[in-house]
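Here my numbering is used: the first residue of the sequence shown is 1057, the next is one more, and so on. All C-beta atoms in this analysis are idealised placements derived from N, C-alpha and C, irrespective of residue type, glycine included. First up is the structure itself, then whatever we jot down about it.
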Amino acid sequence: MATERKIAVLISGSGSNLQALLDAQNTPSLPNARISLVFSNRKAAYGLTRAAEAKSPIPTSYLALQPYLKANAGKTRVDYDAEVARVVLQDNPDLVILAGFMHIFGEGFLERADGLKPLVDGEEPRRPVPVINLHPALPGAFDGAHAIERAYEAFQRGEIERTGIMVHRVVKDVDRGEPIIVREVPIVKDEPIEVFEGRLHKAEHEIIVQAAAKILEETQVR
């Protein structure tokens, strides 16, 4: 029997992409896998409710940057990222997915996910864990925030001919990690942005599951 793989999902908002993963876990689309933790940097994120109300409730955790800095005098953003790494990686997930997570990780998180630094001083570093991110733009286009709006406006002005979405590996440079799955999303001249967004989000719900399955298959111990 195949070993069940654990996935940690990081969110900041409604969690519609999280829901796609919840619906797919332990199905042929995402076999032998379960969401083991949902982490948010926003207390009011509805994705936390989705996790708590799932058929099999999923553990959740919350930690926001500014409250952390206020409560820990002298600490920095790097320290916050390291603390998030400890929360997210302590249960040894096989994959970390950023699904609408509105925070840019630096070395404090990535070096621990990559197995270069220990979660706790004095311990040995743990095995590397792949970290992937869903981004609503094609590789090299519209890095960073508000990519959907920026792509839509650029298309309507005639500056681009196509747009799309991708799931990529997370590296220090924002949205510049190796693409795992890339998909173009049709866009129509003068259509309302809400119509385009709906089409794009539907595609996102598909490729986030496909990318998770692909990474878990590639990292499976045989």
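Skipping 5 residues on each side, what residues in its chain have a beta carbon closer than 6 Å to that of residue i?
{"i": "His1191", "result": "Met1222, Asp1231"}
{"i": "Asp1199", "result": "Val1230, Asp1231"}
{"i": "Leu1154", "result": "Leu1066, Asn1189"}
{"i": "Tyr1136", "result": "Leu1121, Tyr1124"}
{"i": "Ala1169", "result": "Val1185, Val1187"}
{"i": "Val1227", "result": "Gly1233"}
Can you check whether the CB of residue j is closer than 9 Å to the CB of residue i?
{"i": "Arg1106", "j": "Gln1075", "result": "yes"}
{"i": "Val1176", "j": "Val1152", "result": "no"}
{"i": "Ile1243", "j": "Ala1207", "result": "yes"}
Please report how far the alpha carbon of residue i lies from the alpha carbon of residue j, in whole angstroms.
{"i": "Gly1156", "j": "Gly1103", "result": "10 Å"}
{"i": "Ile1216", "j": "Lys1126", "result": "43 Å"}
{"i": "Glu1253", "j": "Pro1174", "result": "40 Å"}
{"i": "Val1140", "j": "Ala1201", "result": "21 Å"}
{"i": "Lys1131", "j": "Leu1145", "result": "20 Å"}
{"i": "Ile1271", "j": "Gly1178", "result": "30 Å"}
{"i": "Gln1276", "j": "Ser1112", "result": "25 Å"}
{"i": "Arg1133", "j": "Ala1101", "result": "21 Å"}
{"i": "Ser1096", "j": "Arg1061", "result": "21 Å"}
{"i": "Lys1099", "j": "Glu1109", "result": "16 Å"}
{"i": "Thr1059", "j": "Asn1088", "result": "7 Å"}
Taking 7 Å as the limit between beta carbons, can you name the residues of its chain near residue i, skipping five residues before and five after?
{"i": "Gln1266", "result": "Ile1237"}
{"i": "Val1094", "result": "Val1065, Ile1067, Leu1074, Gly1103, Leu1104, Ala1107, Ile1114, Thr1116"}
{"i": "Glu1234", "result": "His1224, Arg1225"}
{"i": "Leu1256", "result": "Pro1192, Ile1204, Ile1221, Val1241"}
Along the chain, where does the alpha helix (DSSP H) that runs through residue i open and close?
{"i": "Arg1098", "result": "Premise fails: Arg1098 is in no alpha helix (DSSP H) and is neither H nor E."}
{"i": "Ser1117", "result": "Ser1117 -> not in any alpha helix (DSSP H); beta strand (DSSP E) instead, spanning 1116-1118."}
{"i": "Pro1123", "result": "1121-1127"}
Which stretch, first to last residue, makes up the beta strand (DSSP E) that contains residue i?
{"i": "Lys1111", "result": "Looking at the DSSP string, Lys1111 is not in any beta strand (DSSP E), and its letter there is neither H nor E."}
{"i": "Ile1067", "result": "1061-1067"}
{"i": "Leu1151", "result": "1151-1154"}
Measure how close the beta-carbons of residue i and residue j come, nearest whole angstrom, since I'm counting them as under 8 Å.
{"i": "Ala1269", "j": "Ser1072", "result": "That belief does not hold up - the Cβ atoms of Ala1269 and Ser1072 are roughly 19 Å apart, past 8 Å."}
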